[in-house]
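**Q**
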Amino acid sequence: NDIRKLTKRFGKVSTDSLDLSGNQIATLKPGCLYFRLVYLNLSRNNITKLPFGIDFGYRLEHLDLSHNQLEYLPNSIYAQQLHTLNLERNVLDRLPSKLRSAAFLEELNLSGNEFKVVPSIIPYFDNLVDLDLSNNQITRLPSKLKRMYQLRTLDLRGNPLQPEAVERFRILMPQCTILF
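Taken in order, the sequence shown gives residues 17 to 196; the numbers are from our numbering.
#1: Using 10 angstroms around the beta-carbon of residue 150, count the other beta-carbons present and answer buried if the total reaches 16, otherwise exposed.
#2: By a C-beta neighbour count over all protein chains shown, 10 Å radius and 16 as the cutoff for buried, is residue 107 buried or exposed?
#3: Sort 120, 21, 59 and 73 by Cα distance to residue 198 and report the nearest one.
#4: Per DSSP, what kind of secondary structure is residue 188 in: helix, strand or coil?
#5: Can you look up residue 113 in the DSSP assignment and give me helix, strand or coil?
#6: In three-state DSSP terms, what is residue 138?
#7: Of all the options 116, 77 and 17, which has the alpha carbon lying nearest to the alpha carbon of residue 90?
#8: Excluding five sequence neighbours on each side, which residues of the same chain lie with their C-beta closer than 6 Å to the C-beta of residue 171?
#9: Determine whether the beta carbon atoms of residue 59 and residue 80 lie at a separation below 8 Å.
#10: Taking 8 Å as the threshold (C-beta atoms), are residue 93 and residue 112 in contact?
#11: Is residue 124 close to the ligand ADP? I mean its beta-carbon at under 7 Å from any heavy atom of the ligand.
#12: Indicate whether residue 57 and residue 39 have their beta-carbon atoms separated by less than 8 Å.
#13: Nearest to residue 130 by alpha carbon, out of 86, 97, 180 and 193?
#14: Note down the Cα distance separating residue 174 from residue 96, rounded to an integer number of angstroms.
#15: Cβ atoms of residue 102 and residue 125: under 8 Å apart, would you say?
#16: Cβ of residue 78 within 8 Å of Cβ of residue 105?
#17: Could you pull the DSSP bridge partners for residue 55 from this structure?
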């Protein structure tokens, strides 16, 4: 495909799954997405930002925005039912506080971005099972991570962390496989 932009007509697609990966989409306009989507794949496009007020709908469970050029996510982002969020290979260095509304988030992939610190909202994801922070610039781990008892996999490979710090977390988080 060679789709370059999404217009409001995409908002009328009657499906619960939409795969627009591998196109040339650079921008999204508010109202361009169908609000009954459960699965949305916008990976491998040229998206640099999401518009203020973007609403992925009340049913969206899986969102893939990987391999774009996203610089930030707007604080207006609303995706309460998300279970999986893939933001791999963008240029993000922070997450908006509003993303805390994703109470059901189980998988979060932030690998290959520009995070220097673990985003402060991550410990608030009470259902998070898999967290991929690999290939960022993270130099230290916040103590609040050790309270994430449900976390099963934490990928820290490719970060300039001290091995001793990672070992401490392995002891404090025996339920979690920490990849380093």
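Just so it is clear, CB atoms sit at the ideal spot from N, CA and C, and this is done for glycine as well.
Note that this is a predicted model, so its numbers are computed, not measured.
**A** The short version:
#1: For the purposes of this step, residue 150 is identified with residue 134 of the sequence shown, where counting begins at 1. That one is buried.
#2: Your numbering for residue 107 matches position 91 in the sequence shown. So residue 107 counts as exposed.
#3: It is not possible to answer for residue 198, since the shown part of the chain is limited to 17 through 196.
#4: In the sequence shown, residue 188 corresponds to position 172, counting from 1. The answer is helix: DSSP assigns residue 188 an H, G or I state.
#5: To locate residue 113, count along the sequence shown from 1; it is residue 97. Helix at residue 113.
#6: Locating residue 138 in the sequence shown gives position 122, counting from the first residue. Three-state result, residue 138: helix.
#7: Residue mapping note: residue 90 aligns to position 74 of the sequence shown, counting from 1. Of 116, 77 and 17, the residue nearest in Cα terms is 116.
#8: For the purposes of this step, residue 171 is identified with residue 155 of the sequence shown, where counting begins at 1. The residues are 148, 150 and 195.
#9: To locate residue 59, count along the sequence shown from 1; it is residue 43. To locate residue 80, count along the sequence shown from 1; it is residue 64. Yes, the Cβ-Cβ distance between residue 59 and residue 80 is below 8 Å.
#10: As a position in the sequence shown, residue 112 is number 96, starting the count at 1. As a position in the sequence shown, residue 93 is number 77, starting the count at 1. Yes, the pair counts as a contact, with Cβ atoms nearer than the cut-off.
#11: You won't find the ligand ADP in this model; it holds no ligand whatsoever.
#12: In the sequence shown, residue 57 corresponds to position 41, counting from 1. In the sequence shown, residue 39 corresponds to position 23, counting from 1. No, these two residues do not count as a Cβ contact at 8 Å.
#13: Taking the first residue of the sequence shown as 1, we reach residue 130 at position 114. Per the Cα distances, 86.
#14: Here the question's residue 174 lines up with position 158 in the sequence shown. Here the question's residue 96 lines up with position 80 in the sequence shown. Taking the straight line from one Cα to the other gives about 30 Å.
#15: If you number the sequence shown from 1, residue 125 lands on position 109. If you number the sequence shown from 1, residue 102 lands on position 86. Yes. Within cutoff.
#16: Translated into positions along the sequence shown, residue 78 becomes position 62. Translated into positions along the sequence shown, residue 105 becomes position 89. Going by C-beta atoms, residue 78 is not nearer than 8 Å to residue 105.
#17: Translated into the one-based positions of the sequence shown, residue 55 becomes position 39. Paired residue(s): 33 and 78.
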